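Trainee:
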Amino acid sequence: MSDIDNKNKEINEFLNKSYEYGFTTEIESETIPPGLDEEVVTLISKMKNEPEFLLKWRLKAFNHWKKMPQPDWAKLSIDPIDYQAISYFSKPKNDDGPKSLEEVDPKLLETYEKLGIPLHERAKLAGVAVDAVFDSVSVVTTFKDKLAEAGVIFCSFSEAAIDHPELIEKYLGTVVPVKDNYFAALNSAVFSDGTFVYIPKGVRCPMELSTYFRINEAKTGQFERTLIVAEEGSYVSYLEGCTAPMRDENQLHAAVVELVAHKDAEIKYSTVQNWYPGDEDGKGGIYNFVTKRGDCKGENSKISWTQIETGSAITWKYPSCILRGDNSTGEFHSIALTNNLQQADTGTKMIHLGKDTKSKIISKGISAKSSQNTYRGQVTMSKGAKNSRNFTQCDSLLIGSNAGAHTFPSIDVMNSSSILEHEATTSKIADEQLFYCMQRGISEEDAIGLIVSGFCKEVLNELPMEFAVEARALLQVNLEGAIG
Amino acid sequence: MAKILSIKDLHVDVASTPIINGLNLEIESGETHAIMGPNGSGKSTLAKTIAGHPDYKIKSGEITYMDHDLNDLPIEERSNLGVFLGFQYPIEIPGLSNTAFLKAAINAKRKYNGLEELSASDFLIDLKEKSKMVEIEQKFLSRGVNEGFSGGEKKRNEILQMLMLEPTLSILDETDSGLDIDSMKVVASGVNAFRNENTSSLIITHYERLLNYITPDYVHVFHNGVIIKTGDIQLAKDLEKRGYEWLTNP
Amino acid sequence: MAYQSLNQENHMNGIQNFIKNDGHDLPDWMTHERESAFKEYKKVYPKLSRTATWRNTKLDSMLDAFLEKDFKNLNSSHKDFDINTAFEDSIRIYFHAGMFFCDEKIPEYIKILNHQYSEKNRSIFSIDNKSKRQAIPLLLNNIVSRDALLIDTAMNQHVQRLLHIIHVPNQNINVAPRININLAENSSIKIVEEQLQLNDSIINHCIDINCAKDSSLDYYKINHPQNNSHLINNLNLNQDSNTDVKIFNLDLGADSACSLNHLKLNGEDSHVSCSTLFMPSAKRSSHHNVMIDHLSDKSFSSVNFRGVINDHATGSFFGKVRVAKERRKTSAFMQNKNLLLSDHSKISTVPILEIYNDDTECSHSATSGSLDKEKLFYLKTRGINEYDAKDFLIKSFIDELTSQIKSIRIKEYIDELILSNHET
Chain A
1264 MSDIDNKNKE INEFLNKSYE YGFTTEIESE TIPPGLDEEV VTLISKMKNE
1314 PEFLLKWRLK AFNHWKKMPQ PDWAKLSIDP IDYQAISYFS KPKNDDGPKS
1364 LEEVDPKLLE TYEKLGIPLH ERAKLAGVAV DAVFDSVSVV TTFKDKLAEA
1414 GVIFCSFSEA AIDHPELIEK YLGTVVPVKD NYFAALNSAV FSDGTFVYIP
1464 KGVRCPMELS TYFRINEAKT GQFERTLIVA EEGSYVSYLE GCTAPMRDEN
1514 QLHAAVVELV AHKDAEIKYS TVQNWYPGDE DGKGGIYNFV TKRGDCKGEN
1564 SKISWTQIET GSAITWKYPS CILRGDNSTG EFHSIALTNN LQQADTGTKM
1614 IHLGKDTKSK IISKGISAKS SQNTYRGQVT MSKGAKNSRN FTQCDSLLIG
1664 SNAGAHTFPS IDVMNSSSIL EHEATTSKIA DEQLFYCMQR GISEEDAIGL
1714 IVSGFCKEVL NELPMEFAVE ARALLQVNLE GAIG
Chain B
1416 MAKILSIKDL HVDVASTPII NGLNLEIESG ETHAIMGPNG SGKSTLAKTI
1466 AGHPDYKIKS GEITYMDHDL NDLPIEERSN LGVFLGFQYP IEIPGLSNTA
1516 FLKAAINAKR KYNGLEELSA SDFLIDLKEK SKMVEIEQKF LSRGVNEGFS
1566 GGEKKRNEIL QMLMLEPTLS ILDETDSGLD IDSMKVVASG VNAFRNENTS
1616 SLIITHYERL LNYITPDYVH VFHNGVIIKT GDIQLAKDLE KRGYEWLTNP
Chain C
2 MAYQSLNQEN HMNGIQNFIK NDGHDLPDWM THERESAFKE YKKVYPKLSR
52 TATWRNTKLD SMLDAFLEKD FKNLNSSHKD FDINTAFEDS IRIYFHAGMF
102 FCDEKIPEYI KILNHQYSEK NRSIFSIDNK SKRQAIPLLL NNIVSRDALL
152 IDTAMNQHVQ RLLHIIHVPN QNINVAPRIN INLAENSSIK IVEEQLQLND
202 SIINHCIDIN CAKDSSLDYY KINHPQNNSH LINNLNLNQD SNTDVKIFNL
252 DLGADSACSL NHLKLNGEDS HVSCSTLFMP SAKRSSHHNV MIDHLSDKSF
302 SSVNFRGVIN DHATGSFFGK VRVAKERRKT SAFMQNKNLL LSDHSKISTV
352 PILEIYNDDT ECSHSATSGS LDKEKLFYLK TRGINEYDAK DFLIKSFIDE
402 LTSQIKSIRI KEYIDELILS NHET
């Protein structure tokens, strides 16, 4: 065998490493039968005892959704989705509402353990309040007292709809309107649960907020809804991490996240996403069609997105910022790693409306095997966005001769006082870099891990410490032994 | 004295072109050998071949390093066994800090030898001391490997890596090229600090300059992929005066 | 926005009438060619007019104007206008009122086909292997075109004299010049093509270039500012192995100026560089679209587009580099830099990379902004007034691009044009 064949063999061996978190938990579920019509939408709302306005809102969204076509502009090939075959609501049984960790179904806790998320330990040690979402209904919420002391509201979306309807009514759909896009409209109609965070004026949230998402029930679409509102001069850092069990059928996930930052407020939103990507033949895996958007509403406000996307069969996701307030700042830091037949079409939109607004985009795409990895971005400097700035850097790293890396930036500038810089590079791991590392005694696997970490460093540095560790581990798991 | 490196009738091709054509060379422990020769004589090919670069194909002959047939060993195992190559053109690895890189390399070697990982504090103490020796500022160590380093800084960084990895055989490929006199002195003092009865060096150079600071035991003249003359430091001095012509075109 | 004009039906009927009325002196095969082009046009038009290619262009107003212009060939000769003598020793070919002609004995590697197209030249109208993004203007060109200029170098021929193609000013016309360049093995040529100022006209220009192995071409296209006119430039290039093509476009703006370039590298060691300087002012607009296909190992491309946009003008750049799956050791570089000189000027830029294997080096960059304040400040501290300082910075921005032009006299000529345009 030639060296190249040998190399390819090694690449394949390493790339064939199977998904570590592929298992399911056996818990009985309460599930609405598959199908979607006005009745199902109404049923979801009733089962959750939602106020009337929310039901109306859901129905409005549903009626829009019916008229919309599924978008096809992304560089993705998506098998047709039968929206009538999906069950739009499920929740774990024994749902009398556990008041403490001891009351939680031990099987659930075990699942988190397997995922490397020792909930009680982590919660205590790291001071992280965890709103763990298992399928659709939140099961565990901790640290509520401490947060309540600071006036912070951190609860499931369902609770918020009942306890704080005025806030929900005021903000829901203001950043991502129901008509925004196909998947956002679907989510608006059928969202099951999610998280609501409200930081009052001048409050610096005393701890990192974190939610772990996990899809469990077969054929159950997961439609999370997250809304975070940061009042004047407040600060919050929110972390979201996901893994999912192995499934044969594609599972649709269409979440919506809305962030609102008022004057002088700052929201930091971080995601580590490691859902089941499907097997090496592209069978199974999650469809991750997410709409995330932040509104920098007030002066000097700041929203920063950080994402580590290593999972899902298909990712369609563009966490964006609307820079409305003067002197507001938007940031997007992303690592997207694809392997086998995974497809990712991800990026961001930075819409500059206010004066002196600033945005920064750092995107690192890594594609291995036959995967396709696309950065898609939109930067708009409107006429009124005087003296604004954007810097964009998107780099692609290719591993293996069949991988694809694509860059689709779109830039519109409508005033002359703004400065915009965009740079993109595409490269592979150079043989000479590997030789150099190996000459120093480092194995090929480790060398690749080191080089990829180096490639992603600017983004990894943006993550809170405990997440950075998890993210590095994820990259390593997905890349051990890769060869350029 | 133990035999460190033994090369017998070595033939090496690069891209199907024969570059080394029947080379013989023996290096014992404690010895310093210098290889000189005109450009394109195959000096760097020898260095890359010993380190195991995949583009350099051994057609025939053998390279034995401390009882190991090097031809059978992967690149990193050669390194773990104590073969160090100081590169003529050190590679840049953006984002991977020098410190993290060195730590990974040292622990790879320790693991290979069944030793525990070096503690962070021991590592840092060692690194601080040795980087002082080659006059590399601490702040450079947190930068990416060779990223944005000047030519001289890169070469000093190579010597730092050598000192940290404590190899048995150190091959320095044109480490002196492109160095100002101060950097060269620093490099030479680093190499001299490394010399002892258990280590050997193979210094590949085009000029006699470096050999004024590192006195070799043997000087070999390389031409067309073989050693055409062997002598001592006097040979290097003759070459400096008379050039290579009198040897290559007698 | 795409063409959504209410008179789409009128538009189609108008084309139909044109084919009927204009065709009486043409050979049957040509009328047939026009009809089949029209048939295809009707089919692709509704789909393609809405694609990203035509975003930011004024395709709709161009098509609205399309039928209002006079298609008829005027009987005129070069004596009616001043001869441009920028390059004294060049061979000059004129294009006027829809016809090519030359005022000296035409060298044998040049052929002018007016009205006497023979059927063997039919392949000129082929749109096979051409990018869809050019389909609308190419088909329209097939429908309107009567004349073609063929440049076929012989094997081992290195043409020393510069070939200067001059499009002479006209009023209120709709013409579709067609140029085919075929470079034989180991041949070379330098061409400057110049579009002088027009009024109230539509020019739909198509050029096809095929370079056999070991050939080289320098091609310069200069568009003077156009008044109330629409200009579309379609360029198709195919390069075989070991070829070197350098393309330089200067676009000083039209009511709408649009260039569509499709460059295909089919052979090893093929090198292409494509540079464009676009400088629209007033309410003009300038749109540039370039697509590079690396279809061979060891192919190299360099794309460099710069916009200097003034007043209420609009500029846009759409660039795409594609590296196919099995193509190794390719290198692609794409850059688009823009200067916005007025707060009413706009730029839109979309630099795309589509890479399907790992053995390739690609990069792109895009910038937009006004003149650097720090540099202006620096110049002023050295006693230079604001006007001169700005002028100096604009020139240096332009010069970074024009300094790549190797021929000194062509560079000087282009610099002069830029200067006189800038001053007015």
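Chains as they are written, first to last, in this note's numbering: chain A, 1264 to 1747; chain B, 1416 to 1665; chain C, 2 to 425. Glycine included, every Cβ here is placed at the ideal spot set by N, Cα and C. Just so it is clear, the structure is predicted and the values come from calculations on it, not from any experiment.
1. Straight-line CA distance for T1630/B to Q1696/A?
2. Taking CB distances under 8 Å as the criterion, tell me whether E109/C reaches chain A.
3. Quick check: is the beta carbon of I1490/B nearer than 8 Å to any beta carbon in chain A?
4. Do M1470/A and the ligand MN come close, with the Cβ less than 7 Å from some heavy atom?
5. Are the beta-carbon atoms belonging to N200/C and N224/C less than 8 Å from one another?
6. Could you tell me whether any Cβ in chain A is nearer than 8 Å to the Cβ of F1609/B?
7. Using only the alpha-carbon positions, how far apart do I152/C and Y1622/B sit?
8. On the three-state DSSP scale, how would you describe I1422/B?
9. Quick check: what's the CA-CA separation for E69/C versus K40/C?
10. Run the CB neighbour count on F306/C, radius 10 Å, all protein chains shown included, and call it buried at 16 or more, exposed below.
11. Should F154/C be labelled buried (16 or more other beta-carbon atoms within 10 Å of its own) or exposed?
12. Check whether chain A comes within 8 Å of H79/C, counting only Cβ atoms and requiring the distance to be less than that.
13. What's the call for E401/C, buried or exposed, on a 16-neighbour Cβ count within 10 Å?
14. For E1521/A, which residues does DSSP report across the bridge?
15. Report the start-end ranges of each beta strand (DSSP E) in the region 1526-1579 of chain A that is 3 residues or longer and not cut off at the edges.
16. Under 8 Å between C-beta atoms, does Q1739/A make it to chain B?
17. Please report how far the alpha carbon of R147/C lies from the alpha carbon of E1543/A, in whole angstroms.
18. Just to confirm the assignment, what range does the alpha helix (DSSP H) spanning E1708/A have?
19. From what residue to what residue does the alpha helix (DSSP H) around H12/C run?
20. Taking CB distances under 8 Å as the criterion, tell me whether S366/C reaches chain A.
21. Tell me, to the nearest whole angstrom, how far the beta carbon of A325/C is from that of H295/C; I am working on the premise that it is less than 8 Å.
22. Just how far apart, CA to CA, sit S1557/B and I1692/A?
23. Rounded to whole angstroms, what's the CA-CA distance from P1297/A to E1572/A? Just pull it up for me.
24. Considering only their Cβ atoms, is the gap separating N1561/B from P1469/B smaller than 8 Å?
25. Counting only beta-carbon separations shorter than 8 Å, does S1706/A have a partner in chain B?
26. Please report how far the alpha carbon of L1750/A lies from the alpha carbon of T1601/A, in whole angstroms.
27. Tell me which residues share the same chain as F1667/B and place their Cβ nearer than 7 Å to its Cβ, disregarding the 5 neighbours each side in the sequence.
28. Check whether the Cβ atoms of V1641/B and L1496/B lie closer than 8 Å to each other.
29. For the alpha helix (DSSP H) holding D104/C, just list the boundary residues, first then last.
30. Since I1586/B and L1617/B are thought to touch, with beta carbons under 8 Å apart, how far apart are those beta carbons, to the nearest angstrom?
31. By Cβ distance below 6 Å, which residues in the same chain neighbour L1737/A in space, the five residues on each side in sequence not counted?
32. With which residues is D1608/A paired in a DSSP beta bridge?
33. Quick one: using the 10 Å Cβ neighbour count with 16 as the cut-off for buried, is W1661/B buried or exposed?
34. Write down the C-beta distance between G1593/B and G1566/B rounded to the nearest angstrom, noting that I regard them as a contact closer than 8 Å.
35. From which residue to which residue does the alpha helix (DSSP H) around R1558/B run?
36. For A1447/A, count neighbouring Cβ atoms within 10 angstroms of its own Cβ and tell me buried if that reaches 16, exposed if not.
Mentor: Quick look at the numbers:
1. Translated into positions along the second sequence, residue 1630/B becomes position 215. Translated into positions along the first sequence, residue 1696/A becomes position 433. Cα to Cα, the separation comes out at about 32 Å.
2. Mapped onto the third sequence, residue 109/C falls at position 108. Not closer than 8 Å to any Cβ of chain A, the Cβ of E109/C fails to qualify, so no.
3. Here the question's residue 1490/B lines up with position 75 in the second sequence. So, interface residue.
4. This structure lacks the ligand MN, and indeed carries no ligand of any kind.
5. Along the third sequence, one-based indexing puts residue 200/C at 199. Along the third sequence, one-based indexing puts residue 224/C at 223. No, they are not a contact pair.
6. Taking the second sequence and counting its residues from 1, the one referred to as residue 1609/B is at position 194. It does not: the Cβ of F1609/B has no partner Cβ on chain A nearer than 8 Å.
7. For the purposes of this step, residue 152/C is identified with residue 151 of the third sequence, where counting begins at 1. For the purposes of this step, residue 1622/B is identified with residue 207 of the second sequence, where counting begins at 1. Near 57 Å, if we compare the C-alpha coordinates of Y1622/B and I152/C.
8. Counting from 1 along the second sequence, the entry for residue 1422/B is found at position 7. Of the three classes helix, strand and coil, the one that applies to I1422/B here is strand, per DSSP.
9. Against the third sequence, residue 69/C aligns to sequence position 68. Against the third sequence, residue 40/C aligns to sequence position 39. Cα-Cα distance, rounded: 21 Å.
10. In the third sequence, counting from the first residue as 1, residue 306/C sits at position 305. Per the 10 Å Cβ criterion, buried.
11. Walking along the third sequence from the start, residue 154/C turns up at place 153. Phe is not the amino acid found at residue 154/C; the sequence shown has Thr there. Per the 10 Å Cβ criterion, buried.
12. Here residue 79/C refers to the residue found at position 78 of the third sequence. Any reading at H79/C must be qualified, since the residue scores a pLDDT of 47, below 50, and its modelled position is unreliable; no value is offered.
13. As a position in the third sequence, residue 401/C is number 400, starting the count at 1. E401/C comes out exposed.
14. One-based indexing of the first sequence puts residue 1521/A at position 258. L1490/A and R1556/A.
15. 1529-1537, 1549-1559 and 1565-1572
16. Taking the first residue of the first sequence as position 1, residue 1739/A is located at position 476. No, no contact with chain B.
17. Counting from 1 along the third sequence, the entry for residue 147/C is found at position 146. Counting from 1 along the first sequence, the entry for residue 1543/A is found at position 280. Between R147/C and E1543/A, the C-alpha separation is close to 57 Å.
18. Translated into the one-based positions of the first sequence, residue 1708/A becomes position 445. Its alpha helix (DSSP H) spans residues E1707 to L1723.
19. Along the third sequence, read from residue 1 onward, the residue named residue 12/C stands at position 11. Its alpha helix (DSSP H) spans residues Q9 to D23.
20. What you label residue 366/C is simply residue 365 of the third sequence in a count that begins at 1. So yes, S366/C belongs to the interface.
21. Mapped onto the third sequence, residue 325/C falls at position 324. Mapped onto the third sequence, residue 295/C falls at position 294. With 8 Å as the limit, A325/C and H295/C qualify as a contact, their Cβ atoms being about 6 Å apart.
22. Locating residue 1557/B in the second sequence gives position 142, where the first residue counts as 1. Locating residue 1692/A in the first sequence gives position 429, where the first residue counts as 1. Approximately 21 Å between the Cα atoms of the pair.
23. What you label residue 1297/A is simply residue 34 of the first sequence in a count that begins at 1. What you label residue 1572/A is simply residue 309 of the first sequence in a count that begins at 1. One C-alpha to the other measures close to 29 Å.
24. In the second sequence, counting from the first residue as 1, residue 1469/B sits at position 54. In the second sequence, counting from the first residue as 1, residue 1561/B sits at position 146. Cβ distance not < 8 Å, so P1469/B and N1561/B don't count as in contact.
25. Against the first sequence, residue 1706/A aligns to sequence position 443. Judged by the 8 Å Cβ criterion, S1706/A is in contact with chain B.
26. Outside the displayed span of chain A (1264 to 1747) sits residue 1750/A, for which this structure offers no information.
27. Absent from the structure is residue 1667/B, since the part of chain B shown begins at 1416 and ends at 1665.
28. Position 226 of the second sequence, counted from the first residue, corresponds to residue 1641/B. Position 81 of the second sequence, counted from the first residue, corresponds to residue 1496/B. No, Cβ-Cβ distance for V1641/B and L1496/B is not below 8 Å.
29. The residue given as residue 104/C occupies position 103 in the third sequence. Looking at the DSSP string, D104/C is not in any alpha helix (DSSP H), and its letter there is neither H nor E.
30. Numbered from 1 along the second sequence, position 171 holds the residue referred to as residue 1586/B. Numbered from 1 along the second sequence, position 202 holds the residue referred to as residue 1617/B. That belief holds up - the Cβ atoms of I1586/B and L1617/B are roughly 5 Å apart, short of 8 Å.
31. Residue mapping note: residue 1737/A aligns to position 474 of the first sequence, counting from 1. Contacts found: N1537 and T1573.
32. Residue mapping note: residue 1608/A aligns to position 345 of the first sequence, counting from 1. DSSP lists W1579/A and T1637/A as partners of D1608/A.
33. Position 246 of the second sequence, counted from the first residue, corresponds to residue 1661/B. Exposed.
34. In the second sequence, counting from the first residue as 1, residue 1593/B sits at position 178. In the second sequence, counting from the first residue as 1, residue 1566/B sits at position 151. Indeed, because the Cβ distance is near 5 Å, the residues count as touching under 8 Å.
35. As a first step, residue 1558/B must be located in the second sequence, where it is residue number 143. Here R1558/B belongs to no alpha helix (DSSP H), and DSSP marks it neither H nor E.
36. For this step, residue 1447/A is matched to residue 184 along the first sequence. When all chains shown are included, A1447/A counts as buried.
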